[in-house]
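Accompanying notes for the structure given below.
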């Protein structure tokens, strides 16, 4: 069994000891790791952090989760939650999969760079672009430093800046994007402090063994009454709830779906295993907990 385990380096990693450690992932059966592309995005950076050059990294502008379900990639890496915004658009896509299995989490403190063409300067920028989540996370910085520039939400912003070669546009992203596309960094260290953390999920095939410090993620489609029953059961079984996210079902007003993180591993908590037998409840994964 080959496991990839190492520590994160760089400014963002050094900012917070709590988020320095990368998850230990068994890569013995992993040949292709898919991620939300294109190259130069934060998810590309996260996938590089996790797998380096040990496996083939495959970017997807769309179709990542279909490729995961069909076995075209062995694992899929996607951002699920962010401390500033809440859930990402990809969480709902993961919930719609037939049988997703989370094998690792990767929380990372984000520090954005403002990236532009080589002939641009800070004063020539009239439009900035970013992923919808990124623009929300840098909104306060923009309000203070670039209040009059146009803001455009789009995917693949750094690659778009490279294609356009216009000195009037810039993109928010990791420094990796500037290196890959031969662009310059106009500003760096753009962040909302140590609490600007995005958590990626790695979807795989096999549940990792318990480490003694684990997290189990549940997907529950139920009414408020059933949710209350489940939460009371957690209390009786001394199961600690770490996070609860509510997502719409787009069906009825009185029916909801919830993503609940609980401390512990399904193999060591019989109550968690029993939940999987209840209609409307499924275990998305039990995996090493990093915070």
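Numbering (our numbering), first residue to last: -18 to 272.
Glycine residues also receive a C-beta, built at the ideal position from the N, C-alpha and C atoms.
Alpha carbons only, please: which of 118, 163 and 127 is nearest the one belonging to residue 141?
Reading the chain shown from its first residue, position 160 is the one you call residue 141. Answer by Cα proximity: 163.
Straight-line CA distance for residue 179 to residue 171?
Here residue 179 refers to the residue found at position 198 of the chain shown. Here residue 171 refers to the residue found at position 190 of the chain shown. C-alpha separation (whole angstroms): 15 Å.
Measuring alpha carbon to alpha carbon, tell me which of 209, 4 and 95 ends up nearest residue 155.
Residue mapping note: residue 155 aligns to position 174 of the chain shown, counting from 1. Ranking the options by Cα distance to residue 155, first place goes to 95.
So the candidates are 22, 19, 33 and 16; which of them puts its Cα closest to the Cα of residue 278?
Residue 278 lies beyond the range of the chain shown here (-18 to 272); nothing can be said about it.
In whole angstroms, what separates the C-alpha of residue 183 from that of residue 87?
For the purposes of this step, residue 183 is taken as the residue at position 202 of the chain shown. For the purposes of this step, residue 87 is taken as the residue at position 106 of the chain shown. Roughly 8 Å between the two C-alpha positions.
Spatial neighbours of residue 24 within its chain, please: C-beta separation below 8 Å, excluding the five flanking residues on both sides.
On the chain shown, position 43 is the one that residue 24 refers to. Same-chain partners within the cutoff: 16, 17, 18, 58, 59, 60 and 181.
CB of residue 229 to nearest heavy atom of the ligand MG: below 7 Å?
The ligand content of the structure shown is nil, which means the ligand MG is not present either.
Could you check the C-alpha separation between residue 40 and residue 30 for me, to the nearest Å?
By 1-based counting over the chain shown, the position of residue 40 is 59. By 1-based counting over the chain shown, the position of residue 30 is 49. In a straight line, the C-alpha of residue 40 is about 15 Å away from that of residue 30.
Report the three-state DSSP secondary structure of residue 172 (helix, strand or coil).
Locating residue 172 in the chain shown gives position 191, counting from the first residue. In the structure shown, residue 172 sits in coil (DSSP, three-state: anything other than H, G, I, E or B).
Quick one: which unbroken beta strand (DSSP E) runs of 3-plus residues sit fully inside the region 79 to 105? Chain order, please.
For the region 79 to 105, whole beta strand (DSSP E) runs of length 3 or above, ordered along the chain, are 83 to 90 and 93 to 97.
Does residue -6 come out as helix, strand or coil in the three-state DSSP assignment?
Position 13 of the chain shown, counting from 1, holds the residue named residue -6. Only weak support exists for where residue -6 lies, its pLDDT of 44 falling under 50; the value from the coordinates is given anyway. Reduced to three states, the DSSP call for residue -6 is helix.
Per the DSSP calculation, residue 224 is bridged to which residue(s)?
As a position in the chain shown, residue 224 is number 243, starting the count at 1. In DSSP, residue 224 forms a bridge with 242.
Grouping DSSP H, G and I as helix and E and B as strand, with all else coil, what is residue 40?
Here residue 40 corresponds to residue number 59 of the chain shown, with the count starting at 1. Residue state, collapsed to three classes: strand.
Report back the beta-carbon spacing between residue 197 and residue 264 to the nearest angstrom; my notes put them in contact at under 8 Å.
Residue mapping note: residue 197 aligns to position 216 of the chain shown, counting from 1. Residue mapping note: residue 264 aligns to position 283 of the chain shown, counting from 1. That pair is a contact at about 6 Å.
Residues in its own chain within less than 8 Å of residue 102 by CB, not counting five upstream and five downstream?
Along the chain shown, read from residue 1 onward, the residue named residue 102 stands at position 121. Here the set comprises 148 and 167.
Can you give the beta carbon distance from residue 239 to residue 153, rounded, assuming they're within the 8 Å contact cut?
Residue 239 sits at position 258 when you count from the first residue of the chain shown. Residue 153 sits at position 172 when you count from the first residue of the chain shown. Not quite, the Cβ-Cβ distance comes to about 31 Å (not below 8 Å), so this is no contact.
For the beta strand (DSSP E) holding residue 28, just list the boundary residues, first then last.
Here residue 28 is taken as the residue at index 47 of the chain shown, counted from 1. Segment 23 to 32 is the alpha helix (DSSP H) holding residue 28; no beta strand (DSSP E) there.
Which residue comes first and which comes last in the alpha helix (DSSP H) that contains residue 214?
In the chain shown, counting from the first residue as 1, residue 214 sits at position 233. Counting along the chain, the alpha helix (DSSP H) containing residue 214 begins and ends at 205 to 217.
Name the residue from 272, 230, 104 and 250 whose alpha carbon lies nearest to the alpha carbon of residue 74.
Residue numbering aside, residue 74 sits at position 93 when the chain shown is read from its first letter. Ranking the options by Cα distance to residue 74, first place goes to 230.
Taking the alpha carbon of residue 214 as the point to measure from, which residue in 256, 203 and 188 has its own alpha carbon closest?
Position 233 of the chain shown, counted from the start, is the residue given in the question as residue 214. Nearest C-alpha to residue 214: 256.
Roughly how many angstroms lie between the CA atoms of residue 135 and residue 113, to the nearest whole one?
For the purposes of this step, residue 135 is taken as the residue at position 154 of the chain shown. For the purposes of this step, residue 113 is taken as the residue at position 132 of the chain shown. Whole-angstrom Cα-Cα distance: 7 Å.
Going by other Cβ atoms of all chains shown within 10 Å of its Cβ, with 16 needed for buried, is residue 177 buried or exposed?
Sequence index remark: in the chain shown, residue 177 carries index 196 (1-based). When all chains shown are included, residue 177 counts as buried.
Buried or exposed: where does residue 145 fall if 16 or more other Cβ atoms within 10 Å of its Cβ makes it buried?
By 1-based counting over the chain shown, the position of residue 145 is 164. Exposed.
Between the alpha carbons of residue 251 and residue 226, how many angstroms are there, rounded?
The residue labelled residue 251 in the question sits at position 270 within the chain shown. The residue labelled residue 226 in the question sits at position 245 within the chain shown. If I take the Cα positions, the gap works out to 23 Å.
What three-state label does DSSP hand residue 234 in the structure shown?
In the chain shown, the residue the question calls residue 234 occupies position 253. Here residue 234 sits in coil by DSSP.
For residue -7, count neighbouring C-beta atoms within 10 Å of its own C-beta (all shown protein chains included) and say buried if the count is 16 or more, exposed if not.
Mapped onto the chain shown, residue -7 falls at position 12. In this predicted model, residue -7 has a pLDDT of only 45, less than 50, meaning its place in the structure is not dependable enough to derive any value.
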